[in-house]
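In full-length UniProt numbering, the protein residues as written are 1 to 189.
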């Protein structure tokens, strides 16, 4: 028997027996989900806009358009100056992307987005700034609840977005926007 097989057999003999996963039965905090969401979104450098819904969001987009910025909107009812291009490469000069969020998580300020609402998978990462529109009734207390509510068909893509892109890998200096959007604004609908 080779030394490789001896090592593998020894590992099999020392393997732990399987144990069932523990049951996590912690009651989530359900009071003031929007307040929890706002606090935690702020912690990850995002900004929540509670009032005004679609009208406030359209007013913000109109303000951005008046500044000559390139804005793409994938939210029904919000008019921007760019359409979804045929290829993702044509998104390289987008200043703001307005995208619908599917689920908000109060415990950490993360928002789940699905590729059905993105146009291109790269949209929330290639734009300079990101605006997410989230229905207030889609805020859940924690990731356990969010995981129960998420479905992905084969080949679909989804991601939790928590604040703008940031990294502190290099010399422990925080860099915002290194791998994606430089800012995140969330408008409640």
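Where a beta carbon is used, it is the ideal one built from N, C-alpha and C, also for glycine.
| Asked | Found |
| --- | --- |
| 4 or more residues per run - each alpha helix (DSSP H) lying fully within the region 12 to 86 | 33 to 43, 53 to 66 |
| Beta-bridge partners of residue 167, as assigned by DSSP | 175 |
| Coarse secondary structure for residue 146, derived from DSSP in three states | helix |
| For residue 123 and residue 71, the rounded distance between their alpha carbons | 11 Å |
| Opening and closing residue of the alpha helix (DSSP H) in which residue 124 lies | 123 to 126 |
| Endpoints, beta strand (DSSP E) assigned at residue 100 | 96 to 100 |
| Residues sharing a beta bridge with residue 193, DSSP | Summary: the structure shown does not reach residue 193, with the chain confined to residues 1 through 189, and so no result is reported for it. |
| Cross-strand partners of residue 158 (DSSP beta bridge) | 114 |
| Residue from 129, 10, 89 whose Cα sits closest to the Cα of residue 73 | 129 |
| The region 86 to 93 / the region 144 to 155 touching (three or more Cβ pairs under 8 Å) | no |
| Cα-Cα separation, residue 167 to residue 184 | 15 Å |
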